[in-house]
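Numbering (our numbering), first residue to last: 203 to 582.
Note that CB positions come from ideal geometry on N, CA and C, so glycine has one too.
In this text the structure is predicted, and so the values were computed from the model without any measurement.
To keep things clear, I will list the structure first and then write my remarks on it.
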Ligand code: HEM
């Protein structure tokens with residue numbers, strides 16, 4: 203990265219890319235960044251040319267495949283196994299519980315003094331929601347969160363290089379924990395998501411331990427940091443545009459469009475990755491077969507070719523064709539859940555407080571994958 207670009211906020215950098223280098227290779231043998239909405243959309247739509255099977259590790263070293271990093275027909279098979287549990291009607295059943303969890307966490311939040319919103323709410327809430335789906339007991343929650351953080355913060359190395367000893371240890375401990383739970387569930391069936399997966403009969407028989415573990419890991423990796431990112435993005439928007447909090451207080455029914463615009467404006471899953479299966483032309487650039495492609499979701503969502511005044515947060519924006527939850531066959535499986543959590547948090551913050559202020563607005567990061575590790579706020 204040049205000195206000049208280091209000083210840019212990521213959204214200014216994205217704009218330069220969109221205007222001057224919409225499809226560009228990072229280094230001579232690096233991945234191709236894709237910055238415009240139309241091109242990111244085209245990549246996500248065409249899963250035959252842009253494969254999600256990106257890992258270079260030999261298949262025997264990868265363990266059971268995960269849907270996020272597989273192509274059809276394997277992707278279809280894996281997604282079908284869990285998709286019923288993520289339908290709106292199923293997710294709706296969790297609403298009351300999520301509201302209670304969120305309310306309990308906010309009851310503990312001190313007002314008029316500096317508190318870390320990540321530790322108090324934005325990290326534990328999504329973990330609890332997924333943990334409940336997987337039948338993790340309350341007492342194991344903190345350990346569970348530590349494992350998922352360790353694994354997530356090393357996702358790049360896990361995929362493309364050598365995982366750190368810490369992340370390998372976290373993965374091994376989490377596997378051992380879930381294996382014990384799975385064996386327990388086999389003796390005493392349970393009705394949560396993991397219980398349903400353990401009991402599931404597929405055309406190829408029951409799922410084996412490694413397939414079950416792979417699901418647990420995927421849900422953690424895909425659903426935790428991203429939702430933390432949405433919650434912290436919401437706080438940042440309340441800081442930057444205090445009138446939005448007041449608007450939501452008066453009209454809680456705007457919480458759905460508040461969340462959509464938050465997803466667009468500060469996209470928590472800021473980029474994803476694909477590998478080309480053939481030579482392809484994108485925005486006039488020829489990309490060879492086997493190259494990595496990095497669709498910059500956060501850039502696509504600020505593309506002035508699609509969104510009017512893209513750098514303005516507009517709670518009433520409609521339509522809002524953002525790509526924050528992906529598009530095509532890999533579109534976020536947890537989208538309804540993420541939206542529900544986002545709405546509940548926004549509604550409860552607006553109901554309880556008249557101000558949510560960041561303590562260090564200039565030093566907290568935006569545009570990273572997932573959410574920040576801490577976010578000092580003062581609520582009043
Ligand atoms: C605000 C929160 C979230 C955001 C921004 C987000 C974003 C995304 C995006 C962009 C993708 C597509 C990635 C790609 O095409 O390469 C995706 C896929 C996925 N997400 Fe989410 N996600 C969120 C929350 C969740 C939650 C809560 C869960 C589950 C508990 C979840 C589970 C998944 C899964 C399993 C996939 C893979 C789907 C597939 O490959 O077919 N996500 N997510």
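beta-carbon residue i near the ligand HEM non-hydrogen atom, thresh 7 angstroms
| i | result |
| --- | --- |
| residue 439 | no |
| residue 254 | yes |
| residue 471 | yes |
| residue 269 | yes |
| residue 528 | yes |
| residue 546 | no |
| residue 396 | no |
| residue 532 | yes |
| residue 421 | yes |
| residue 465 | yes |
| residue 332 | yes |
| residue 343 | no |
| residue 536 | yes |
| residue 277 | yes |
| residue 246 | yes |
| residue 293 | no |
| residue 424 | yes |
| residue 432 | yes |
| residue 313 | no |
| residue 281 | yes |
| residue 540 | yes |
| residue 499 | yes |
| residue 328 | yes |
| residue 226 | no |
| residue 429 | yes |
| residue 478 | no |
| residue 474 | yes |
Start-to-end residues for the beta strand (DSSP E) that takes in residue i
| i | result |
| --- | --- |
| residue 430 | Note, residue 430: premise wrong, no beta strand (DSSP E); alpha helix (DSSP H) at 427-442. |
| residue 497 | 494-497 |
| residue 479 | Segment: none, residue 479 is in no beta strand (DSSP E) and carries neither H nor E. |
| residue 546 | No beta strand (DSSP E) contains residue 546, which is instead part of the alpha helix (DSSP H) from 537-554. |
| residue 225 | 225-227 |
| residue 487 | 487-489 |
Under 8 angstroms between C-beta atoms of residue i and residue j
| i | j | result |
| --- | --- | --- |
| residue 260 | residue 241 | no |
| residue 573 | residue 431 | yes |
| residue 366 | residue 353 | no |
| residue 226 | residue 218 | no |
| residue 394 | residue 337 | yes |
| residue 444 | residue 552 | no |
| residue 228 | residue 254 | no |
| residue 285 | residue 535 | yes |
| residue 344 | residue 436 | no |
| residue 558 | residue 447 | yes |
| residue 529 | residue 247 | yes |
| residue 311 | residue 320 | no |
| residue 490 | residue 525 | no |
| residue 577 | residue 324 | yes |
| residue 474 | residue 492 | no |
| residue 333 | residue 349 | no |
| residue 487 | residue 305 | no |
| residue 476 | residue 256 | yes |
| residue 388 | residue 400 | yes |
Beta-bridge pairing of residue i - partner residues as DSSP gives them
| i | result |
| --- | --- |
| residue 318 | 578 |
| residue 346 | Bridge partners of residue 346: none, in fact. |
| residue 236 | 225, 497 |
| residue 403 | 408 |
| residue 417 | Beta-bridge pairing links residue 417 to no other residue. |
| residue 253 | 477 |
Span of the alpha helix (DSSP H) around residue i
| i | result |
| --- | --- |
| residue 558 | Looking at the DSSP string, residue 558 is not in any alpha helix (DSSP H); the run it does join, the beta strand (DSSP E), is 558-560. |
| residue 657 | There is no way to answer for residue 657, as the model of the chain reaches only from 203 to 582. |
| residue 531 | Neither: residue 531 is in no alpha helix (DSSP H) and is coded neither H nor E. |
| residue 293 | 290-294 |
| residue 300 | 297-309 |
| residue 332 | 326-335 |
| residue 461 | 457-467 |
| residue 278 | 276-285 |
ask   = Taking three-plus beta-carbon pairs below 8 angstroms as touching, is the region 534-554 in contact with the region 461-481?
value = Judged by Cβ distances under 8 angstroms, the region 534-554 makes contact with the region 461-481, as three or more pairs qualify.
task = Count the CB pairs spanning the region 324-334 and the region 425-441 that are closer than 8 angstroms, and state whether there are at least three.
result = Segment contact: the region 324-334 against the region 425-441, three or more CB-CB distances shorter than 8 angstroms; contact assigned.
inquiry  = For the structure I just gave you, are there three or more beta carbon pairs, one from the region 261-281 and one from the region 495-514, closer than 8 angstroms?
reply    = With a cut-off of 8 angstroms, the region 495-514 and the region 261-281 do not count as touching, because too few Cβ pairs lie within range.
query = So, do the region 271-282 and the region 543-557 have three or more beta carbon pairs nearer to each other than 8 angstroms?
reply = Contact between the region 271-282 and the region 543-557 is absent, with fewer than three C-beta pairs closer than 8 angstroms.
key: Cβ contact (3+ pairs, closer than 8 angstroms) linking the region 229-238 and the region 487-503   = With three or more CB-CB distances shorter than 8 angstroms, the region 229-238 counts as touching the region 487-503.
Three CB pairs or more closer than 8 angstroms across the region 410-423 and the region 518-531 = They do not touch, by the three-pair rule.
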